[in-house]
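Number of protein chains: 2
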Amino acid sequence: MICSRRTQVSRKVRALPGAPGMLEAGRNRLFLEIMRQERHATLLDVARYAGVGTTTVSRVINGSVGVSPKTLAAVRQAIKDLGFAPNPVARMLKGEQTKTIGLIIPNLADSYFSSIAEEIQKVACSFGSMVIVTVTHNEVEREWVSVNELARRTDGLLLAPASSMNPKLVERLSWAPIPVVCFDRPLFHSNTSRVLTANYQDAKAATKHLLSHGRERILCLGGEASFHTVHERLRGYLAAMEQAGRGPLVDVSEHKRGAGEAAKVLKKHFRGKEPPDAIFCLKNSVTIDCYDFLQRFGIAVPMEVALVGFDDFRLAAMLRPSVTVVRQPVEEIGRTAAEMLFKRLGEINDAVRAGERAAPRAGELVRLKNELIVRASCGCEEVPVQRLGSLRR
Amino acid sequence: MICSRRTQVSRKVRALPGAPGMLEAGRNRLFLEIMRQERHATLLDVARYAGVGTTTVSRVINGSVGVSPKTLAAVRQAIKDLGFAPNPVARMLKGEQTKTIGLIIPNLADSYFSSIAEEIQKVACSFGSMVIVTVTHNEVEREWVSVNELARRTDGLLLAPASSMNPKLVERLSWAPIPVVCFDRPLFHSNTSRVLTANYQDAKAATKHLLSHGRERILCLGGEASFHTVHERLRGYLAAMEQAGRGPLVDVSEHKRGAGEAAKVLKKHFRGKEPPDAIFCLKNSVTIDCYDFLQRFGIAVPMEVALVGFDDFRLAAMLRPSVTVVRQPVEEIGRTAAEMLFKRLGEINDAVRAGERAAPRAGELVRLKNELIVRASCGCEEVPVQRLGSLRR
DNA sequence: CTGTTAGCGCATTCAT
DNA sequence: ATGAATGCGCTAACAG
Numbered sequence: 001m002i003c004s005r006r007t008q009v010s011r012k013v014r015a016l017p018g019a020p021g022m023l024e025a026g027r028n029r030l031f032l033e034i035m036r037q038e039r040h041a042t043l044l045d046v047a048r049y050a051g052v053g054t055t056t057v058s059r060v061i062n063g064s065v066g067v068s069p070k071t072l073a074a075v076r077q078a079i080k081d082l083g084f085a086p087n088p089v090a091r092m093l094k095g096e097q098t099k100t101i102g103l104i105i106p107n108l109a110d111s112y113f114s115s116i117a118e119e120i121q122k123v124a125c126s127f128g129s130m131v132i133v134t135v136t137h138n139e140v141e142r143e144w145v146s147v148n149e150l151a152r153r154t155d156g157l158l159l160a161p162a163s164s165m166n167p168k169l170v171e172r173l174s175w176a177p178i179p180v181v182c183f184d185r186p187l188f189h190s191n192t193s194r195v196l197t198a199n200y201q202d203a204k205a206a207t208k209h210l211l212s213h214g215r216e217r218i219l220c221l222g223g224e225a226s227f228h229t230v231h232e233r234l235r236g237y238l239a240a241m242e243q244a245g246r247g248p249l250v251d252v253s254e255h256k257r258g259a260g261e262a263a264k265v266l267k268k269h270f271r272g273k274e275p276p277d278a279i280f281c282l283k284n285s286v287t288i289d290c291y292d293f294l295q296r297f298g299i300a301v302p303m304e305v306a307l308v309g310f311d312d313f314r315l316a317a318m319l320r321p322s323v324t325v326v327r328q329p330v331e332e333i334g335r336t337a338a339e340m341l342f343k344r345l346g347e348i349n350d351a352v353r354a355g356e357r358a359a360p361r362a363g364e365l366v367r368l369k370n371e372l373i374v375r376a377s378c379g380c381e382e383v384p385v386q387r388l389g390s391l392r393r
Numbered sequence: 001m002i003c004s005r006r007t008q009v010s011r012k013v014r015a016l017p018g019a020p021g022m023l024e025a026g027r028n029r030l031f032l033e034i035m036r037q038e039r040h041a042t043l044l045d046v047a048r049y050a051g052v053g054t055t056t057v058s059r060v061i062n063g064s065v066g067v068s069p070k071t072l073a074a075v076r077q078a079i080k081d082l083g084f085a086p087n088p089v090a091r092m093l094k095g096e097q098t099k100t101i102g103l104i105i106p107n108l109a110d111s112y113f114s115s116i117a118e119e120i121q122k123v124a125c126s127f128g129s130m131v132i133v134t135v136t137h138n139e140v141e142r143e144w145v146s147v148n149e150l151a152r153r154t155d156g157l158l159l160a161p162a163s164s165m166n167p168k169l170v171e172r173l174s175w176a177p178i179p180v181v182c183f184d185r186p187l188f189h190s191n192t193s194r195v196l197t198a199n200y201q202d203a204k205a206a207t208k209h210l211l212s213h214g215r216e217r218i219l220c221l222g223g224e225a226s227f228h229t230v231h232e233r234l235r236g237y238l239a240a241m242e243q244a245g246r247g248p249l250v251d252v253s254e255h256k257r258g259a260g261e262a263a264k265v266l267k268k269h270f271r272g273k274e275p276p277d278a279i280f281c282l283k284n285s286v287t288i289d290c291y292d293f294l295q296r297f298g299i300a301v302p303m304e305v306a307l308v309g310f311d312d313f314r315l316a317a318m319l320r321p322s323v324t325v326v327r328q329p330v331e332e333i334g335r336t337a338a339e340m341l342f343k344r345l346g347e348i349n350d351a352v353r354a355g356e357r358a359a360p361r362a363g364e365l366v367r368l369k370n371e372l373i374v375r376a377s378c379g380c381e382e383v384p385v386q387r388l389g390s391l392r393r
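Going down the list, the protein sequences come from chains S and R.
Mapping to this note's numbering: the first sequence position 339 is 339, numbers consecutive.
Mapping to this note's numbering: the second sequence position 347 is 347, numbers consecutive.
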């Protein structure tokens, strides 16, 4: 967008004869300036070149309705000759759609979110929109800034809220004239649509699975309990334990970066007089840290301790023992959220071009199902090694 | 950006008395309209509210130089009261910086690229810019579209070219008035800056490492050889083998999605009369597929077959045996590329606000070093299990 | 069917 | 120190 000579050059162009059937000389000059990339062709350039008005060109760009075949051809040719493409920024300023959506997630390096981002990207692309991604690192402050920046330059927002309890943000969003769809975590007391998974239910199921293996002292190891997702999973665990008449064993102390913290917590538990005989991890990274710990200290899985984690991860199936997990439908989450947003965007668009303001609609809630991927760490059998015979002759 | 009632409301406001020391009635009306989110406050609103001109408000926003303390305070108050924030889109249209950069990568779900994206995001944020991400899936067509879309609405581009040999794109970029930095892969015959890693050299080193373990029949397993990165790594492998006087053993047939293909290829090799005693994988996903195959068929690593892969991956250290890899400095790649872009952007900005067009500068080449992470799969010893004593008392 | 014109919100000369 | 006026590129009333 930086183009220092633009102003001067453009003045020159504007001084050119603009009558239909422009002089060859002027035409060439115009052509050259643009070809030399000194600036982009504008609508006006095309109009002049084709010897028509700007409106006509505009019409040709957006649908070509009500334009005589002859002019149409001329304009098309002009567009081609000049390599004209409408300036999206100018369109935005006119209050049209920006053809851009915002995606606000905690972290791009996390495969969970980056996979969702990939899906969202695809959907957006299919709707002819681009995606601006911002990262919050779960900090409400950064989220606030992102929302405000994006609200002015996007058609809609896809948001994994840094906190589910954020009245300030809720108010801001009710304010904003753009639709928002939350995913992974809800945003309480707001009427934004949400795409969530059955955290409670499937955590409960996972815990029950462990219980069905005869495990009694199941340690529930948490991520930060402040996240609604983790909170729900914890609730599921507690429900299952209570239902089974077992006392809960929970440690949701802060597991920040690095295996160090997890190891410390685990050591404490394994030094106790009644060490756990199973562990249920509420979060991807905790599962991995935990596995690392067990492996490093030679604690046999699943014989001594069974393990189930929430969230699948690449290679979970390739570890020995392979790790049983609750898998979230990652792709589906992203796809669904994006589709909901574009659906709403479509409605708004229709409303705008028909009557007035679109009817404010209460947000929907879509709850997706997770899947318990049974592998070996829970106590179920390992997939045996395949026959070697076929290879070694 | 969709706001159907805007036009009407704004007309009303514009008709309000605009004299300094605006009437309380008008002031309240203005205030209410904006507070009711019927529209965003504009520069003009602020000016009217504060009883000053738009220029003054503009000055206050950008630096506040040459404004009397009294007016300054008044304007600041007005901005606060009205919750005014400048519309970024309008600024863009004025030919200012868009405060947006474009990131074009093959895939967001790939942890290599998503980690890079995360870093880029951070850097951009620190420069007050947002990032629009588009995904090419290594298709030149999609890349072409992305570049063209982004060129008009961003200050600069960060690009992992779908193909290193793309004259059309090269020409288009020389055209575009925005700076481009390529990473991971170069773009031949273009003068864009590049951030690459020492693929050749470190692939050679990795191969040598395998050779130093006495391996003789080292199979080089490839990704798509069309990528420059893979090509370079292959060259490194070949150089090492030749230097060691060993015949190369290469299979870079297409390894598309799924372990199926890799398994097929590997089966062929292991059924041969002289099966490989080591494998060097040129690409992350191939390494994993390969490991999976070896594990599934019970081929002992590193005893029967040693394994080294290019690109580190999460859990490589936790597999048993752990996997030796060449690790690319992922974060550094992203950070460096982004910083180079913003440096260039700064130069251009300076040039624009000083004289004229910034001097076109030849692109730099930064080549980052990779690191051979020695773990167990190459034949080096496994890290032993830690003492249990400290845990079990 | 087609052209003229008036803004969208801001930054920016050029006056005062 | 301050303000009026102009235009960035485009769309959409509103005429012909």
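Even glycine gets a Cβ: it sits at the ideal position worked out from N, Cα and C.
As the structure is a computational prediction, the values presented were derived from the model and not from experiment.
When 9 Å is used as the limit between beta carbons, S:M130 is near these residues of chain R: G102, I132, V133, T134, S146, E149, L150 and R153, in chain order. According to the DSSP assignment, R:E371 belongs to the beta strand (DSSP E) that extends over E371 to I373.
The three-state secondary structure of S:V250, taken from DSSP, is strand. Contact of S:L234 with chain R by beta-carbon distance below 7 Å is absent, the smallest such distance being about 25 Å. Going by DSSP, R:A278 is part of the beta strand (DSSP E) stretching over A278 to C281. At a C-beta separation below 7 Å, R:N87 has these neighbours in chain S: R152. Comparing alpha-carbon positions, the option among S:V52, S:A85, S:I105 and S:R172 lying closest to S:V75 turns out to be S:V52.
Looking from the CA of R:I218, the closest CA among R:H231, R:A176, R:S193 and R:K204 belongs to R:K204. C-alpha of S:R314 to C-alpha of R:I373: approximately 20 Å in a straight line.
Excluding its 5 nearest sequence neighbours in each direction, S:V181 has C-beta neighbours in its own chain below 6 Å: L158, S193, A337, M340 and L341, listed in chain order.
Comparing alpha carbon positions, the residue from S:L173, S:A124 and S:M165 closest to S:S146 is S:L173.
Under the 8 Å criterion on CB atoms, S:D292 is classed as interfacial with respect to chain R. Contact check for S:Q77 against R:V133 fails: the beta carbons are separated by 8 Å or more. For the 8 Å CB-CB criterion, R:L282 and R:L234 form a contact. If you look at R:C378, you'll find it isn't in any beta strand (DSSP E); DSSP assigns it neither H nor E. The C-beta distance from R:A376 to R:P321 rounds to 4 Å, short enough to fall under 8 Å. For R:G214, the closest C-alpha among the options R:D202, R:L307, R:A162 and R:V140 is that of R:L307. For the segment 324-340 of chain R, the beta-carbon criterion of a distance under 7 Å to any beta-carbon of chain S is satisfied by none of its residues.
At the C-beta level, R:G66 and R:I101 stay beyond 8 Å of one another. In the DSSP assignment, R:L368 falls within the unbroken beta strand (DSSP E) covering L365 to L368. With the criterion set as a beta carbon lying under 7 Å from some beta carbon of chain S, the members of the segment 96-128 of chain R are Q97, T98, N107, L108, A109, S111, S114, S115, A117, E118 and Q121, in sequence order.
Collapsing the DSSP output to three states places S:G102 in a strand. Note on S:G334: 16 or more other CB atoms within 10 angstroms of its CB, so buried under the neighbour-count rule. Chain-ordered, the chain R residues with CB closer than 7 Å to the CB of S:M318 read Y291, D292, Q295 and L319. The residue from S:G346, S:R185 and S:D184 with its alpha-carbon nearest to that of S:A124 is S:G346.
In this structure, S:S58 keeps its C-beta atom at 8 Å or more from the C-beta atom of R:S114. When secondary structure is reduced to three states using DSSP, R:F310 falls in the strand class.
Excluding sequence positions up to five before and after R:E216, its CB lies within less than 7 Å of the CB of R246 and D277, all in the same chain and listed in chain order. Collapsing the DSSP output to three states places R:S193 in a strand. Within chain R, the residues L93 have their CB atoms less than 7 Å from the CB of S:A90, given in chain order. In the displayed model, S:L159 falls within a strand according to three-state DSSP.
CA-to-CA, the gap between S:A263 and S:A244 works out to about 28 Å.
DSSP places R:L221 inside the beta strand (DSSP E), whose first and last residues are I218 to L221.
In summary, R:H137 is exposed, with fewer than 16 beta-carbon neighbours lying within 10 Å of its beta-carbon over all protein chains present.
Taking a C-beta distance under 8 Å as the contact criterion, R:R185 and R:A160 qualify as a contact pair. With a threshold of 8 Å between beta carbons, R:I373 makes no contact with chain S.
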